[in-house]
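Structure first, then comments.
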Amino acid sequence: MTRFFGTIVILGLTAIPAAAQDTKKEIQKYQQMIAEGSPVELFELEGETLWKKPQGPHNVSLEKCDLGQGAGVLKGAYARLPRYFKDADRVMDLETRLLHCMTTLQGRSRDEATKRVFGNENQPSEMEYLSAYIAGQSRGVKLAAGHTHPKEKAAYELGKALFFHRAGGWDMSCASCHGEDNKRIRMQELPVLHKPQAARPIMATWPAYRVSNSQFKTMQWRINDCYRQMRYPEPKFASEATIALITYLTVTAAGEPYRGPGTKR
Amino acid sequence: MAGPMKMRATAQGGTTEVRVLMTHPMTTAQSGQPLHFIQNVTVKQNGKTVIEAEISQAVSRNPVFSFRLKGGAKGDKIEVSWLDNKGESNTIETAVA
Amino acid sequence: MTRRSLLAFLGLLLAKPLSVLAAWNEQAFGAKTAPDALKGIGASAAAPSKDIVIEAPQIAENGAVVPIEISSNVPGTTAIAVVIEKNPFPLAGRFEFKEGALPFVKLNVKMGETSDVRVVAFAGGKQFSATREIKVTIGGCGG
Chain A
1 MTRFFGTIVI
11 LGLTAIPAAA
21 QDTKKEIQKY
31 QQMIAEGSPV
41 ELFELEGETL
51 WKKPQGPHNV
61 SLEKCDLGQG
71 AGVLKGAYAR
81 LPRYFKDADR
91 VMDLETRLLH
101 CMTTLQGRSR
111 DEATKRVFGN
121 ENQPSEMEYL
131 SAYIAGQSRG
141 VKLAAGHTHP
151 KEKAAYELGK
161 ALFFHRAGGW
171 DMSCASCHGE
181 DNKRIRMQEL
191 PVLHKPQAAR
201 PIMATWPAYR
211 VSNSQFKTMQ
221 WRINDCYRQM
231 RYPEPKFASE
241 ATIALITYLT
251 VTAAGEPYRG
261 PGTKR
Chain B
266 MAGPMKMRAT
276 AQGGTTEVRV
286 LMTHPMTTAQ
296 SGQPLHFIQN
306 VTVKQNGKTV
316 IEAEISQAVS
326 RNPVFSFRLK
336 GGAKGDKIEV
346 SWLDNKGESN
356 TIETAVA
Chain C
363 MTRRSLLAFL
373 GLLLAKPLSV
383 LAAWNEQAFG
393 AKTAPDALKG
403 IGASAAAPSK
413 DIVIEAPQIA
423 ENGAVVPIEI
433 SSNVPGTTAI
443 AVVIEKNPFP
453 LAGRFEFKEG
463 ALPFVKLNVK
473 MGETSDVRVV
483 AFAGGKQFSA
493 TREIKVTIGG
503 CGG
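Chains as they are written, first to last, in this note's numbering: chain A, 1 to 265; chain B, 266 to 362; chain C, 363 to 505.
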């Protein structure tokens, strides 16, 4: 009798890790299927229209904007951001650079251009559409954020420090959730973002369409929302801190072929 | 005015794979907002209707459909149109690649 | 008929021209239970079939978008319907395949909660069905 029960207990114990693995596999299948049947390209289409639309007091489009590869060169531009820009003498990520072009090329005020950087399901923001379009132009290009210029190195170091620095209402850092293996929030596994292996697939699929709220979200939003979830004060759009974190994460993910705007839960 | 549509049709191994993306809120009754969703989708191959679909508010926002057609060669014209409960509609036409 | 009433009449006709021509099974789509939805599409007596292939994840990270790929190997399939049993209005769609189309469709549906998804294939005047349970989870934060 005891032997019989012993067998049952052993079978029960081995079943638990197997079930966890099955769950992970099924979630991966979900992620793969939604990516294959994603409406994300619709946002890229709209972004293309906005890129070519004359706006602002200068009444010009963004088509001459230099995203790091030359004026108007989009192929591979996103994959090589953030990077140092001589004309602004600072490291800039995509959205910061777009803001720069909106103010310098199009003559728009920073206030006007940043009035609505994060949209909603009924009306995405200009930044979101543009990010989708430009990111899409880097499909297949290896992530290669700038890391040689002194300011690029400084941004990386600052980002790394911020990643591990505990503060805010709940005394949390990015590492509180993204610093240890085998952590999850409900069913979502938390990637350990300071490790290249985990950072690579993540950075290769942002910005992304989130099916849970039908919205297209960018990295500036992602950082902003993580800070909100940690009960920090809201970071300023295109601030040094947000650019530093994005730099740190993208450099950590260096070499990964960019997959294009992602589709996520 | 309806948002953009996108479609890709590729001929492979005797069938034509059609993937079509539609911009549409597909607002449900649960949302508290007025019901606004696509009800009919029509697929035409070289002018001939090959698929007729009736769909509900249960289809996700910004619908994406994949269909398969028999045969089909490069250059064939595929047309997909939709009609919603408010009488709004949109159409896209693509040549099979 | 006066000119004004004729114009009004014509106005009524032109107001929703396409919707007058396109059919939409209001009764079936308005059904609040799976049996009523199946009745509405004439599939109450659908027989279980292993020839309906449903490709879908067992777990959906979010119920707003649940991808389902359906293929019917039942010979002579002319239509496929999708019924999500626990949804407030279970009938999600009905796809009619005319000459030239294969009985195949991939779509994204909304699911309010974990539920059986029933696929009905219409072939040769008969109906066949297969079901698949899809678990819907509430996600954590993040992306």
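Every residue, glycine too, gets a C-beta built ideally from N, C-alpha and C.
Per the C-alpha coordinates, the member of A/Asp93, A/Gly37, A/Glu126 positioned closest to A/Ile246 is A/Asp93. Residue pairing of C/Phe484 in beta bridges, as defined by DSSP: C/Ala441, C/Gln489. A contact is defined here as three or more CB-CB pairs under 8 Å, and the segment 154 to 168 of chain A fails this definition with respect to the segment 274 to 291 of chain B.
In summary, A/Thr148 is exposed, with fewer than 16 beta-carbon neighbours lying within 10 Å of its beta-carbon over all protein chains present. The segment 385 to 396 of chain C makes no contact with the segment 464 to 472 of chain C, as fewer than three CB pairs between them are under 8 Å. Counting along the chain, B/Ala274 sits inside the beta strand (DSSP E) bounded by residues 270 to 277. The criterion of a C-beta distance shorter than 8 Å is satisfied by B/Ala362 and B/Thr275. Note on A/Ile185: under 16 other CB atoms within 10 angstroms of its CB, so exposed under the neighbour-count rule.
Among the CB atoms of chain A, one or more fall inside 8 Å of the CB of C/Asn424. A distance below 8 Å separates the beta carbons of C/Glu423 and A/Arg265. Within the same chain, Val91, Gly146, His149, Lys151, Glu152 come within 6 Å of A/Tyr84 by CB-CB distance, once the 5 residues on both sides are set aside.
C/Lys401 has a beta carbon lying at 8 Å or more from every beta carbon in chain A. Put simply, the CB of A/Gly262 is far from chain B, with every gap to its CB atoms at 8 Å or more. Taking the beta carbon of C/Val427 as reference, the chain A residues within 7 Å of it are Ile34, Val211, listed in sequence order. Separation of B/Gly268 and B/Ile303 (C-alpha to C-alpha, rounded to the nearest whole angstrom) is 13 Å.
When the alpha-carbon of A/Pro196 is set against those of A/Gln188, A/Ser176, A/Ala254, the nearest one is in A/Ala254. With respect to chain A, the C-beta atom of B/Arg333 has no partner C-beta closer than 8 Å. The contact set of B/Ile316 on chain C, defined by CB atoms closer than 9 Å, consists of Phe457, Glu458, Phe459, Lys460, Gly462, Ala463, Val467 in chain order. Closest option to B/His289, judged by alpha-carbon separation, among A/Glu256, A/Val40, A/Ala154: A/Val40.
Here the segment 49 to 66 of chain A makes contact with the segment 120 to 137 of chain A; the two share three or more CB pairs at distances below 8 Å.
Taking CB atoms only, C/Ile446 has a neighbour in chain B less than 8 Å away. Distance check between B/Lys271 and each of B/Ile343, B/Met291, B/Ile320 places B/Ile343 closest, using alpha-carbon atoms only.
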